[in-house]
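Here's the structure we're looking at; comments come further down.
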Amino acid sequence: MMRRHEEAFRMHCRKRSATQLGHACVHPGLSATTRSPTGLRSHPPGATIRHPAASPLPSPQPRGACAMTAVGRQSGGRGRRARGAPLRLRGRFPGSGAEPGRAGCVPPGMVSKGPLLRLLTAINRRRMKLLTGLAFVAYVASVWGNFVNMRSLQENGDQKVESKIEEAVAPLREKIRDLEKSFTQKYPPVKFLSEKDRKRILITGGAGFVGSHLTDKLMMDGHEVTVVDNFFTGRKRNVEHWIGHENFELINHDVVEPLYIEVDQIYHLASPASPPNYMYNPIKTLKTNTIGTLNMLGLAKRVGARLLLASTSEVYGDPEVHPQNEDYWGHVNPIGPRACYDEGKRVAETMCYAYMKQVYGPGTQTRAFQYVSDLVNGLVALMNSNVSSPVNLGNPEEHTILEFAQLIKKLVGSESEIQFLSEAQDDPQKRKPDIRKAKLLLGWEPVVPLEEGLNKAIHYFRKELEYQANNQYIPKPKPARMKKGRTRHN
Ligand SMILES: O=c1ccn([C@@H]2O[C@H](COP(=O)(O)OP(=O)(O)O[C@H]3OC[C@@H](O)[C@H](O)[C@H]3O)[C@@H](O)[C@H]2O)c(=O)[nH]1
């Protein structure tokens, strides 16, 4: 087989050398034959054949030469040959590992296609590189784009969630702010008193009209104030501006029940004061003024406190002496409609005397036309004095009821007509306190002029009416319930 193959190869080389000048053919392991202008030459196997035109200087490769060009590998090296450089051909490329008969001669069809393919391959490789580069850039761009999109989506989502949370939280924030405001409530300015000067003061009926003004005064003076009230006529909102203050305490308690606390002074004001209120439940009024006063006197005795009873000019009844001083015994109907209050206060005064340790302060009602701040100052002056007998605290400026009605109508700017109704039973005809004792012993006298006091009172009552109008509770009518076809009324 081998011999036949070699023979065929030799034939092939002879044919070609006869027709083509400069053709060289090498078969590894065989002798080579070359043709030159001088004739055919034989070469031993493995001999190097040089083309006469190519030696010694490099010359362009003859067309159809069996040579490797730019992509050939040099033995033992990986460097590239320059395009068009001469190639040394050997029968066998050491190190190439080529087998005899496999390399050395390229079949005729391959000679013209090889470089083209290689060129194409080279071009393709560049393209491939370019394409790979572009693909890589595109990939990086798409990954970056996705990343940016993801981020913007995430940011958008985050913003939406945040705005939803903000919407839900906003009303809660508002509520917290309101609560904080109510907790960090600003109190009216309070004087600082040393431990020695600061007193623990109990005010019964402290949520009422006179009591709440007295509370303000004593709190602002720097004392510790405890208000006890059953809120029969008084209101929490009269003292709410002190709620939470460290010097203030509010106790819902009826003085008819005993009370056990530690105090230095007691202002005993708990009692309904206006005729409709004290006439509403006469027995309760009597109990409050008798049992209630007894309880407070018991407390005062127990803790060694000084007690001031807020009495009333009603203890003079329908007076036969004018003006009335503290020595006047009064002129009271003991079985009349006012007796529960008049006599209740008179018994309260008697009890205080019976305890032998009492200080009395005759209170004055709004209709006594003394401004409340004057009365409060008088009560405090009396409490802090050495006087232990009744003292009138009132405004001696005397006017008929009609004069007062006309003055109030003018100040309010009212067009309403003054109505004259039948006189109330046992209504005192004259009332004018003699305040010489208060002036002398307490250095006290009212200072607020009548018109100024009335203006302040009008302002106060306007606010009261507004508050009541805004806070009226109107129960909704319940729908009638149906039972077995019949309307049922509860
Ligand atoms: O049983 C009762 C009844 C009444 N009270 C309270 O006593 C307070 C009375 O205050 P009001 O506003 O009704 O009346 P005033 O402040 O004008 O009366 C004040 O001056 C007149 C005096 O005779 C009263 O004793 C004095 O309280 C109210 O806060 C009322 O709730 C009690 O604590 N217990």
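Anchor point for the sequence shown: position 127 equals 180 in our numbering, and the numbering is continuous, going up by one each time.
Glycine is no exception: its CB is placed at the ideal position from the N, C-alpha and C atoms.
Given the structure is predicted, the values throughout are model-derived calculations rather than measurements.
Rounded to whole angstroms, what's the CA-CA distance from residue i to residue j? Just pull it up for me.
i	j	result
residue 334	residue 254	29 Å
residue 383	residue 347	23 Å
residue 32	residue 274	Given a span of 54 to 543 for the chain in the structure shown, any question on residue 32 remains unanswerable.
residue 544	residue 170	Lying before the first or after the last residue shown, residue 544 is absent from the chain, which here runs from 54 to 543.
residue 280	residue 209	59 Å
residue 272	residue 473	43 Å
residue 488	residue 257	25 Å
residue 234	residue 241	15 Å
residue 490	residue 445	7 Å
residue 386	residue 494	31 Å
residue 174	residue 181	10 Å
residue 466	residue 518	16 Å
residue 249	residue 276	11 Å
residue 309	residue 464	41 Å
residue 187	residue 203	23 Å
residue 291	residue 278	14 Å
residue 500	residue 506	10 Å
residue 510	residue 459	15 Å
residue 447	residue 231	43 Å
residue 439	residue 433	12 Å
residue 376	residue 227	59 Å
residue 221	residue 207	21 Å
residue 190	residue 172	26 Å
Given 7 Å as the limit, tell me if residue i has its C-beta closer than that to any heavy atom belonging to ligand 1.
i	result
residue 508	no
residue 385	no
residue 330	yes
residue 263	yes
residue 301	no
residue 325	yes
residue 448	no
residue 322	yes
residue 258	yes
residue 287	yes
residue 308	yes
residue 422	no
residue 363	yes
residue 473	no
residue 341	yes
residue 283	yes
Taking the alpha carbon of residue i as the point to measure from, which residue in the options has its own alpha carbon closest?
i	options	result
residue 264	470, 450, 430 and 466	430
residue 428	262, 187 and 225	262
residue 314	350, 378 and 217	350
residue 356	395, 312, 478 and 370	312
residue 482	488, 451, 508 and 466	451
residue 327	303, 406, 285 and 291	285
residue 551	174, 339 and 360	Absent from the model: residue 551. The displayed extent of the chain is 54 to 543, so no value can be given.
residue 405	479, 477, 459 and 344	344
residue 341	496, 302, 323 and 200	323
residue 32	511, 259, 302 and 269	Residue numbering for the chain in the displayed model covers 54 to 543; residue 32 lies beyond these limits and cannot be assessed.
residue 354	366, 407 and 332	407
residue 441	266, 362 and 521	362
residue 268	402, 321 and 358	321
residue 436	522, 393, 358 and 306	358
residue 306	300, 289, 294 and 496	289
Using three-state DSSP, classify residue i as helix, strand or coil.
i	result
residue 192	helix
residue 305	strand
residue 454	helix
residue 500	coil
residue 486	strand
residue 447	coil
residue 290	helix
residue 493	helix
residue 523	helix
residue 106	A caution first: residue 106 carries a pLDDT of 46, below 50, which makes its placement in the model too unreliable to give a value.
residue 542	Confidence at residue 542 is low in this model, with a pLDDT of 44, below 50, so the placement of that residue is unreliable and no value is reported for it.
residue 326	coil
residue 506	helix
residue 299	coil
residue 321	strand
residue 359	strand
Contact defined as beta carbons within less than 8 Å: I believe residue i pairs with residue j. What is the distance between those atoms, to the nearest angstrom?
i	j	result
residue 379	residue 443	4 Å
residue 367	residue 395	5 Å
residue 364	residue 337	Incorrect: roughly 18 Å between the Cβ atoms, too far for contact.
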